[in-house]
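So the protein lines, in turn, are chains Y and S. All letters in the first sequence, in the order written, are residues 1017 to 1412 by our numbering. All letters in the second sequence, in the order written, are residues 1017 to 1412 by our numbering. Report on one structure; see the data block that follows.
2 protein chains.
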Amino acid sequence: MTRLPSPPALVALGGNAERTRSHNRRVVLETVRRHGPLGRSDIAALTQLTAQAVSNIVTELAAEGFLMERGRRRTARGQPPVDFAVNPDGGMTAGMEIAADRITTVLVDLAGDLRAQRTAALNDPSPPAVQALAAAELRDARAADGLPGRLLGCGVVMPGPFGVEGMSSVGDTVLPGWADVDAAAVMTEALGCPVTVENDATAAAVGERLYGAGRDCLDFCFLYFGAGLGLGIVVEGRPYRGAYGNAGEIGHMRVVAGGRACACGGRGCLERYASAHALAERLCDAGLPTTPDAIARLHEQRDPVLAGWITESAGLLGPVIGLLENLFDPATIVLGGALPDTVIDALVEAMRPLPLSVSQRDGRKTPRLQRGATGKLTAALGAAALPLLDRFEPAI
Amino acid sequence: MTRLPSPPALVALGGNAERTRSHNRRVVLETVRRHGPLGRSDIAALTQLTAQAVSNIVTELAAEGFLMERGRRRTARGQPPVDFAVNPDGGMTAGMEIAADRITTVLVDLAGDLRAQRTAALNDPSPPAVQALAAAELRDARAADGLPGRLLGCGVVMPGPFGVEGMSSVGDTVLPGWADVDAAAVMTEALGCPVTVENDATAAAVGERLYGAGRDCLDFCFLYFGAGLGLGIVVEGRPYRGAYGNAGEIGHMRVVAGGRACACGGRGCLERYASAHALAERLCDAGLPTTPDAIARLHEQRDPVLAGWITESAGLLGPVIGLLENLFDPATIVLGGALPDTVIDALVEAMRPLPLSVSQRDGRKTPRLQRGATGKLTAALGAAALPLLDRFEPAI
DNA sequence: GGATTAATTCAATTGAGTTGGTTTAAGTGA
DNA sequence: TCACTTAAACCAACTCAATTGAATTAATCC
């Protein structure tokens, strides 16, 4: 993640009036984003700010284009409130998924709606070539008509791990030429706007936190089926990256004694069985196609190879879910990634009954396991959510 | 933990001048606590507050007895700074470990030093009896001469899980009569000061965060050998409890296929092998004594039963350490609890070489695994650290 | 149409940090 | 010894942003 070049202060910094205002702006914006159209005094009640303070901040945010008036609501008595909502056209964020062979770009507005989408083949994954192609893709995506002009930031998802020098770790899948590069700096230079670099699972989790199942959860996990298997962790509403940015490395957990050999040097690693890549391998061996659309069709046709993979993966993943629940006690666990929605649903179904864990409680509102809302653009959309989180989310 | 009766606001609250001051007071206090004696302008540099703001806050904190002047430091040129340090006698916190058969009470001053310690047998673990005994123990402990008068709060460690109704979960070890009780409220009523209730592992982690190996780590784990095996998790400097307060339930991870039966209904659970209780069981079967002191002696004598347990436990725990590192990417993992220091050290040693994980990096400063600093009073001392964290730690 | 109710704004106040200048307590060096 | 330098700390005026209490506005109720 190229974060923490010097470990951050071990103690918080002091505050002042300006920081208070900045914090309160975020609080107001986030409150409106989450609760939909609200009047000024609704906001005041929710944030525990005074009506006057909210009034000032709302005026400011509306003038800057982040909030928009939505007219008066009809109420029983008294002056009806003027509702405000986030102005979708108040700005955009970009999300990019940089894979070994292609770059996927999305533009998302402040309402979280997809406004543009592109994919380009990447022939040369070296940093200069990626810089050039990414810049061109972003420029071309922004050239479409009717898009908000303001670009608030760009999130980039790419194979990690990054940053930590001398990382001789498990599952090093970094792109050629990017091993000792400050990816965020390289991409910021290329794109000309603030860039946040993240791994696919964490980005997906952030996307889910802003727009999906995680909207109402402060603590949850996202199990991401990509080339490998990744775990995105949200703690107190914010992504958890660990002391060195490598948290959530779940793919190399040993689940089969003496199982298949893995690139990490071990055997029986989880992601050698339960990952998009493992499925593709299996389909390939059986002479079947491996594109997402083809997999979706295979699932419709109840293909036995695919069904077998689902059953096997579910059998391996079930205990892992229980383990995650016991360790993190998440409000929910979201499944998603580079697999068709129907296959994710089948996996969720095949994992029942889930093992006993602290998550097994009477009267749960949220399901222990659910599919993510954002579909196959999950990673890119999650990437687009990163700058928004940076900009809107106040510290709790 | 009897927290979150209503899930807290999903968005932060607004700030104002008073909250800013409260935050800055914490920042100053915590900075001095961590860095030892500091002059006002040192504090200003570290906190990024102005010297004037620091001066005002320091004056206030000194008047309240939290900080004390330590005289002028000798410097090269210019007016030498007046150093301030945390005033040990500025207040105390109490820590209580309530077990099925006894209550251990400690009093700790603001410097983290143990000032009083008591243990009393508990014949009746029902809430009223515990209330009466705990109140008497706290009163008697405070009666000693020369103790600071001010009691800032009390942390209580007791067998969980609490709070969540209908919890039909793994390893329910709650005391008889406490199943559907708001433990924090009961103990607050009994002790007449703010009470934080926590499980042993999390309390130990907080103690380590304030005074031990976790002082310089924002993210780390504490593996606690108690009756069972607990995991305390510190994230961004604060204890992580999960969405429902049950995070860190590591003891029932299956590590031996078809292994020993466990109270949770499963087989081969980790804590049936690697826990103080499992060791006691094993020693008992061999006709050996099971008190901590006796275990320490057995270890000195290189007793083969104990040595066998250490080897076996280390074999089971090693992969678990690797798993935790891959999931949490902690700065370090601390081992501690109800075992003699020498045995913890032997366990750490027996786990080498640790498995490959993201924590295996060149140039580590902190060890991947280390013994906790607080010895066999770990749980009670950790409990005493809880109110201090509540009071001193600013949000990052 | 006046009374009631609730949202919002206006104007004055307050709390807290910042700014710029001043004082204080040392060491330096002629 | 005494003016000079340096850095810490303080003083007083200022500014920012939230709060407070009163006034205004826009609806419904009767």
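Glycine included, C-beta positions come from ideal geometry on N, C-alpha and C. Note that the coordinates shown come from a computational prediction; the quantities given were computed from them, not determined experimentally.
Tell me whether residue i sits in a helix, a strand or coil according to DSSP, three-state version.
{"i": "D1099(S)", "result": "strand"}
{"i": "L1138(Y)", "result": "coil"}
{"i": "Q1241(Y)", "result": "The sequence as given places Phe at residue 1241(Y); Gln does not occur at that position. Strand, per DSSP."}
{"i": "M1367(S)", "result": "coil"}
{"i": "R1254(Y)", "result": "strand"}
{"i": "A1411(Y)", "result": "coil"}
{"i": "E1205(S)", "result": "helix"}
{"i": "V1222(S)", "result": "helix"}
{"i": "A1114(Y)", "result": "The question names Ala, but residue 1114(Y) is Ile in the sequence shown. Three-state DSSP puts I1114(Y) in a strand."}
{"i": "L1062(Y)", "result": "helix"}
{"i": "G1391(S)", "result": "helix"}
{"i": "I1119(Y)", "result": "strand"}
{"i": "A1323(Y)", "result": "helix"}
{"i": "D1156(Y)", "result": "helix"}
Quick one: Cα of residue i to Cα of residue j, how far?
{"i": "H1315(S)", "j": "Y1240(S)", "result": "19 Å"}
{"i": "G1267(S)", "j": "G1261(S)", "result": "16 Å"}
{"i": "M1269(S)", "j": "L1340(Y)", "result": "10 Å"}
{"i": "L1405(Y)", "j": "A1243(Y)", "result": "26 Å"}
{"i": "R1155(Y)", "j": "D1198(Y)", "result": "23 Å"}
{"i": "G1391(Y)", "j": "E1080(S)", "result": "57 Å"}
{"i": "L1167(Y)", "j": "T1109(Y)", "result": "6 Å"}
{"i": "A1033(S)", "j": "N1040(S)", "result": "10 Å"}
{"i": "D1216(S)", "j": "G1353(Y)", "result": "37 Å"}
{"i": "A1028(S)", "j": "E1076(Y)", "result": "20 Å"}
{"i": "A1067(Y)", "j": "A1151(S)", "result": "45 Å"}
{"i": "C980(S)", "j": "G1169(S)", "result": "Nothing about residue 980(S) can be reported from this structure: the residues present for chain S run from 1017 to 1412 only."}
{"i": "R1377(Y)", "j": "A1195(Y)", "result": "45 Å"}
{"i": "I1311(Y)", "j": "L1363(Y)", "result": "14 Å"}
{"i": "Q1064(Y)", "j": "A1263(S)", "result": "30 Å"}
{"i": "G1258(Y)", "j": "G1284(S)", "result": "29 Å"}
{"i": "Y1289(Y)", "j": "E1328(Y)", "result": "8 Å"}
{"i": "C1112(Y)", "j": "T1120(Y)", "result": "Reading off the sequence shown, one finds Met at residue 1112(Y), where the question assumed Cys. M1112(Y) and T1120(Y): Cα-Cα distance of roughly 6 Å."}
{"i": "P1356(S)", "j": "G1274(Y)", "result": "36 Å"}
{"i": "P1346(S)", "j": "V1190(Y)", "result": "22 Å"}
{"i": "G1182(S)", "j": "S1142(S)", "result": "Low confidence applies here, because G1182(S) scores a pLDDT of 40, under 50, leaving its location unreliable; read the following figure in that light. Using only the alpha carbons, I get a separation of about 20 Å."}
State the beta-bridge partners of residue i as determined by DSSP.
{"i": "C1300(S)", "result": "Per DSSP, none; premise fails for C1300(S)."}
{"i": "V1211(S)", "result": "C1170(S)"}
{"i": "L1130(S)", "result": "V1124(S)"}
{"i": "A1277(Y)", "result": "R1283(Y)"}
{"i": "M1108(Y)", "result": "D1125(Y) and L1167(Y)"}
{"i": "F1236(Y)", "result": "V1250(Y)"}
{"i": "R1086(S)", "result": "For R1086(S), which the question treats as bridged, DSSP gives no partner whatsoever."}
{"i": "R1012(Y)", "result": "Given a span of 1017 to 1412 for chain Y in the structure shown, any question on residue 1012(Y) remains unanswerable."}
{"i": "Q1317(S)", "result": "Answer is none; Q1317(S) lacks a bridge partner."}
{"i": "V1350(S)", "result": "F1238(S) and Q1386(S)"}
{"i": "G1055(Y)", "result": "D1099(Y)"}
{"i": "R1042(Y)", "result": "The partner list for R1042(Y) (beta bridge, DSSP) is empty, contrary to what the question assumes."}
{"i": "R1270(Y)", "result": "C1285(Y)"}
Which chain Y residues sit within Cβ distance under 7 Å of residue i?
{"i": "Y1240(S)", "result": "Result: empty, since nearest Cβ-Cβ is about 14 Å, beyond 7 Å."}
{"i": "F1344(S)", "result": "G1258 and A1263"}
{"i": "G1230(S)", "result": "Under the 7 Å cutoff, chain Y gives no residues; its nearest Cβ is about 10 Å from G1230(S)."}
Which residues in chain Y sit within 8 Å of residue i, going by Cβ to Cβ distance?
{"i": "P1410(S)", "result": "V1027 and A1028"}
{"i": "L1247(S)", "result": "L1343"}
Which residues of chain S have a Cβ atom closer than 7 Å to the Cβ of residue i, listed in chain order?
{"i": "T1063(Y)", "result": "L1029 and G1030"}
{"i": "N1040(Y)", "result": "G1030 and G1031"}
{"i": "V1251(Y)", "result": "V1251 and Y1256"}
{"i": "T1036(Y)", "result": "G1031, N1032 and T1036"}
Taking C-beta pairs closer than 9 Å, name the residues in chain Y that residue i reaches, listed in chain order.
{"i": "I1349(S)", "result": "Those within 9 Å of I1349(S) in chain Y number zero; the least Cβ separation is about 11 Å."}
{"i": "V1043(S)", "result": "V1027, A1028, L1029, G1030 and G1031"}
{"i": "A1069(S)", "result": "G1030 and N1032"}
{"i": "C1280(S)", "result": "L1372"}
{"i": "I1266(S)", "result": "L1339, N1342 and L1343"}
Residue i touches chain S at which residues, Cβ-Cβ below 9 Å?
{"i": "I1119(Y)", "result": "The premise fails here: I1119(Y) is roughly 27 Å from chain S at the closest Cβ pair, so nothing lies under 9 Å."}
Residues of chain S with CB closer than 8 Å to the CB of residue i, please, in chain order.
{"i": "E1046(Y)", "result": "V1027 and A1028"}
{"i": "M1269(Y)", "result": "L1339 and N1342"}
Taking one C-beta from the region 1088 to 1103 of chain Y and one from the region 1035 to 1054 of chain Y each time, how about it: are there three or more such pairs within less than 8 Å?
yes
Across the region 1359 to 1369 of chain S and the region 1392 to 1400 of chain S, are there enough close Cβ pairs to call them in contact, namely three or more that are closer than 8 Å?
no
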